[in-house]
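Novice: Residue numbers (my numbering), protein chains in the order written: chain C, 73 to 401; chain U, 73 to 401; chain S, 73 to 401; chain F, 73 to 401.
We put the CB at the ideal spot given by N, CA and C, even for glycine.
Written as structure tokens, this is what we have:
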């Protein structure tokens, strides 16, 4: 409502939008260039398109959202550049696998698109969180190969809440060059941001980045309504408070499930995502009771149904407990 | 605030979003498929990309927003399909020019991308409005060549307010197949819609249209916040009331300018855009007094500065009168 | 030299080019539309781009040339459509894996690009050849899902020579809809062809296929020089005779290697490609003796160097025997 | 036939292909990087794609082949970057028009794709030839704006033959950065080349240029057969001799037409293209006599049929005279 007052310039020429870089810079304790957009898919795809030539490629984990869940958006924004995936056990890329991937790609010569960016996800798609040391190792390998690092931070706030570190330590201090900052999952109506940490790898692409936003229809004429959402999340650490609550609810779910003999937890829950394999009949009964689940492909050789439970900033303890009681019953 | 209540499905699976087709259908008195997006550039580009193969082309007026003012977005979404422009006097395409354009294109054979869509703009970029008969003639020519018609309706509400017709008469009854419905200029925070009028030309592309939205990062997870804006505008004709006010303010400006000897009005003001050529010194004095203008290239052989004055739904009479008084003084 | 005589029309309007469809039709015993191009990469990429929307995907084996060895060309021609790969033991896709791949993709809904084409390779990248029954099973599954089948036939002639079947049996009678016909590997300077077998799945894309060729810079003004190469190969079965010779040389190599204790043959040689793992030192000694090899990544847990030996239409028995003698020595 | 001897490396790793840079460098008297391709459309599109970002634009004359006659290939290779055209009287861009075009584009800010390259054509599409001084002026303006210059030299040999200058004077000495070298029109089966004159503007894009060739299916495995054509043309100035003959035949046609009262020559013939407006009935009679013409759109207000006559390296004097005699009769 406050953002709606008065006549202001368009396309980001308003006081709220002009204050974004300073606010993000203060939170991340460094010089940044922040560009708001409405979806994580847009943030990831725009960020990567600024790093990768159309004839290039991105290296990412096989579980990456950019590879599996964005309807081909990265390939659209990158004009056909390829996503090359590496296998991992739990969504966290292994340093040795990264080195091998880079070597195999280079051996392919002109037959393989060259790797122009490394994209990591924190927290990962399987709800795990990279230790800061492991994140730094991966970034260092990339930089040794002259490759910049993008971080899909759709759930960065959950990872920071889990790690108990600063936003700076979780990103550029570990070697991240460009961040997809997630705001929607931690409270915004629809607000994410591409945050460039200004350095020699990112400086050349900053100048024209807004052109890519305009060209994809993501530049708001009334930009203040987008900026206001991000500013509110960053004020007094609201984004982190919201995510700490979501993480706590996830832990409560995990603890409850551990008491249930039929529940298998294939991954460690470190953010706000709980993956659990439940007996088929139990899942059906819960559905009959009104719950709804997205089913994941169950790993080979395992019986039961793999579902994901994702508490958020507005998940209430009583709703968690009601679900757990229903499972026990 | 009302849209924010409760837990609902994502990606459009909520009551507000599900009601969009019915609401748009009621307003336009026909069967429609409406897809909300945040910018006019996204609406235009997505709509055209569903009609035009990458090796095809769009025919449009040389003044068209898609050709001049969208940073190359249509070419991005259409994967390089070409915008072929036709000259016009005041932004309104001429039927004979359209026939010639289609003939010249066809003669080029394999050397020229084939025309796959006609894109018109109502109200036009120069603030003029097609008569319904002229609009229908152009659509008929396109349909005779098996070409669907897209309407850039960023200012459709202003055109309808000017014409005093129904939304149906202004669109599908004249032959329009796909509409970029403008909501932002007539009051929304950021809400437009691609509205397909369901017929044999549009039916084949409806099925996968949401995939194009997802792939361009324009699919909101919390879609209700986008849908709510459009529903509010369509309720009780708010979009048209807002635009009627904007048009009235534009007429008030025109009347004031006509009393000023130094003002030349190169186009008829029929919507809410006033184009006026003022003496250079007057423009500079107004700027010194705090007014800001976007300068247009002045036509050859004319002296003075061409500026555009665009009142909106929230322009007040007293502000219009203050500007006119300043000009007179 | 004969093709160089006289003045003829350009862009395929010459007697040689006009005779291509009839010649290919006679060889394949059905109605075809054949389009010559200079490389297999162009043939594969153009063929797939005509079947797959930019927001769609192609299903192929993880060993496929289109996925690994064409520098991202398919993604370029398809405007970012995705290649989704399936694992296999020896380059031959398994029917059950195909069914699973299609099911997983469909479950992803709007988050995953829909499968618009199945691309198979015959002979495969590992030198194996699909039995006609297996090929037909895969095509039937694709057709059951309304998906057309593309065959990368860069080494189709080697497969036909191995199978002892007719070109028709090896392609459209098994269910192939579009073929990348390989001419360069069996004798041409640079000549391949996209061959559409005319049916309800291919008919809609034939009309504009030449536009895609033009738009990618692959339409020759002096097309007769390209057509002449294909006509010569198809005359009196020259393409098959050349490939039978190459296959025979490959078998001679295999027999020789089998007598060598240190050689491991990971795949069955059915066409003209021999993959062999030799002791590292032996490979180095051969290189010192003047031989050159392309090294493949050696499978995990295996010691030695994986190389590929590919005899061709002009490989002489004495050269094969010299190599084998060198290895024995 | 000579190129067909022996076993050589693929993808350009053969003696003929490796000698291209030296041969082109000797002819153009400077350091070059030359990349052979089969069509002028591929040469132009690849060259421009290396200079222009997908969100950028190319400035060219409204008559340019890249804009009118290549089926949208430049837009395909440039991933949707825009061709912005400037009007001219006879295909030769005017320096003042260029300055205006650059200024208008810059004023558009983020709404207009930025100009990343200037593309000129020599000889032009209307058969005229830029004076070296005019070419140098245009290049200097572009360089002043940090914009590299591409020259479509499909008929460069005709222009050089007309100007009587050296290849170096006609290109890099005037400021050209990248040349589409035309070989097909002056004698090759199908051979053109993208020739980069190595300087600070071109050096950054050389490294990955071959990747663009591979990615568009234009990299020949048996590259020697493409290289051999270019080497033959460059030997002993064959390309220029062939074009001098074509120019002379064009002049003979012009002289003959000047003697015919009904013939109007709208442009000066400086290369090998003669544009002539003949009475409709005369054109029909010539067609009845077996001649074939491509009809151009006749300028407004002029009666008659505009046709183009293009003699080539193998046009014989007796055939020219026979046509002229037929016209006189």
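In terms of residue numbering, what span does the alpha helix (DSSP H) encompassing residue 182 of chain F cover?
Specialist: Premise fails: residue 182 of chain F is in no alpha helix (DSSP H) and is neither H nor E.
Novice: Beta-carbon within less than 7 angstroms of residue 213 of chain F's beta-carbon, same chain only, minus the 5 sequence neighbours each way: which residues are those?
Specialist: The answer, listed in chain order, is 167, 170, 171.
Novice: Show which residues of chain C have a CB atom less than 8 angstroms away from the CB atom of residue 368 of chain U.
Specialist: Correct list: empty, because the minimum Cβ distance to chain C is about 17 angstroms.
Novice: Report the start-end ranges of each beta strand (DSSP E) in the stretch 122 to 204 of chain F that is 3 residues or longer and not cut off at the edges.
Specialist: 129 to 133, 154 to 158, 187 to 193
Novice: Using a Cβ-Cβ distance under 8 angstroms, would residue 159 of chain S count as near chain C?
Specialist: no
Novice: Using 8 angstroms as the limit for Cβ to Cβ distance, is residue 266 of chain F near chain S?
Specialist: no
Novice: Run the CB neighbour count on residue 341 of chain S, radius 10 Å, all protein chains shown included, and call it buried at 16 or more, exposed below.
Specialist: buried
Novice: From the beta carbon of residue 284 of chain F, is the nearest beta carbon of chain C less than 8 angstroms away?
Specialist: Yes, because at least one Cβ of chain C sits closer than 8 angstroms to the Cβ of residue 284 of chain F.
Novice: At 7 angstroms on the CB atoms, spell out the chain F contacts of residue 287 of chain C, in chain order.
Specialist: 127
Novice: Just to confirm the assignment, what range does the alpha helix (DSSP H) spanning residue 328 of chain U have?
Specialist: 310 to 330
Novice: Could you list which residues in chain U have their beta carbon closer than 7 angstroms to that of residue 151 of chain S, in chain order?
Specialist: For the C-beta of residue 151 of chain S, the chain U residues within less than 7 angstroms are, from N- to C-terminus, 126, 151.
Novice: I'd like to check one pair, residue 143 of chain U with residue 287 of chain C: are the Cβ atoms closer than 8 angstroms?
Specialist: yes
Novice: Which stretch, first to last residue, makes up the beta strand (DSSP E) that contains residue 229 of chain C?
Specialist: Looking at the DSSP string, residue 229 of chain C is not in any beta strand (DSSP E); the run it does join, the alpha helix (DSSP H), is 228 to 235.
Novice: For residue 198 of chain S, which residues in chain F fall below 7 angstroms Cβ to Cβ?
Specialist: Those do not exist, as residue 198 of chain S stays about 20 angstroms from chain F at its closest Cβ, beyond 7 angstroms.
Novice: Can you tell me whether residue 321 of chain U is buried or exposed? The criterion is at least 16 other CB atoms within 10 Å of its CB, across all chains shown.
Specialist: buried
Novice: Identify which residue in U/317, U/355, U/315 has its Cα closest to the Cα of residue 334 of chain U.
Specialist: U/355
Novice: Rank S/381, S/350, S/365, S/328 by C-alpha distance to the C-alpha of residue 344 of chain S and give the top, closest one.
Specialist: Comparing C-alpha distances from residue 344 of chain S to each of S/381, S/350, S/365, S/328 shows the shortest one belongs to S/381.
Novice: In three-state DSSP terms, what is residue 222 of chain F?
Specialist: strand
Novice: I'd like to know if the stretch 289 to 297 of chain F and the stretch 98 to 111 of chain S are in contact, where contact means that at least 3 CB-CB pairs between them fall below 8 angstroms.
Specialist: yes
Novice: Quick one: is residue 257 of chain U near chain F, going by C-beta distance under 8 angstroms?
Specialist: no
Novice: Can you tell me which of the three DSSP states residue 384 of chain F falls into?
Specialist: coil
Novice: Could you say if the stretch 361 to 380 of chain C and the stretch 293 to 308 of chain C meet the contact criterion of at least three C-beta pairs nearer than 8 angstroms?
Specialist: Counting Cβ pairs under 8 angstroms, fewer than three are found: no touch.
Novice: Taking a contact to mean a Cβ-Cβ separation below 8 angstroms, would you say residue 473 of chain U touches residue 127 of chain U in this structure?
Specialist: Given that chain U is displayed from residue 73 to residue 401, the structure contains no residue 473 of chain U and the question cannot be resolved.
Novice: Could you give the uninterrupted runs of the alpha helix (DSSP H) lying entirely in the stretch 235 to 294 of chain S, keeping only those of 4 residues or more?
Specialist: Segments of the alpha helix (DSSP H) lying fully in the stretch 235 to 294 of chain S: 239 to 242, 275 to 278, 281 to 287.
Novice: Sorted by chain position, which residues of the same chain lie with C-beta nearer than 8 angstroms to residue 255 of chain U's C-beta, five sequence neighbours on each side aside?
Specialist: 263, 264, 265, 301, 302, 305, 311
Novice: When you check each C-beta in the stretch 304 to 338 of chain U against every C-beta of chain C, which residues fall closer than 7 angstroms?
Specialist: none
Novice: Between the stretch 224 to 243 of chain S and the stretch 196 to 205 of chain S, do three or more beta carbon pairs fall short of 8 angstroms?
Specialist: yes
Novice: Opposite residue 367 of chain F in the DSSP bridges: which residues?
Specialist: F/379
Novice: Quick one: what does DSSP say residue 374 of chain S is sitting in, helix, strand or coil?
Specialist: coil
Novice: Determine, for residue 182 of chain F, whether the minimum Cβ-Cβ distance to residues of chain C falls below 8 angstroms.
Specialist: yes
Novice: I'd like the list of long-range same chain contacts for residue 97 of chain U, defined as Cβ closer than 7 angstroms, with 5 residues on each side in sequence excluded.
Specialist: 103, 104
Novice: Output the distance between the C-alpha atoms of residue 188 of chain F and residue 101 of chain C, rounded to the nearest integer angstrom.
Specialist: 36 angstroms
Novice: Residue 333 of chain C by DSSP, collapsed to three states: which one?
Specialist: If DSSP states are grouped into helix, strand and coil, residue 333 of chain C belongs with coil.
Novice: Are three or more beta carbon pairs between the stretch 116 to 124 of chain S and the stretch 220 to 229 of chain S nearer than 8 angstroms?
Specialist: yes
Novice: With H, G and I counted as helix, E and B as strand and the rest as coil, what does DSSP make of residue 346 of chain S?
Specialist: Note: residue 346 of chain S maps to strand in three-state DSSP.
Novice: Look at the alpha carbon of residue 84 of chain C and the alpha carbon of residue 295 of chain C, and state the distance between them as a whole number of angstroms.
Specialist: 5 angstroms
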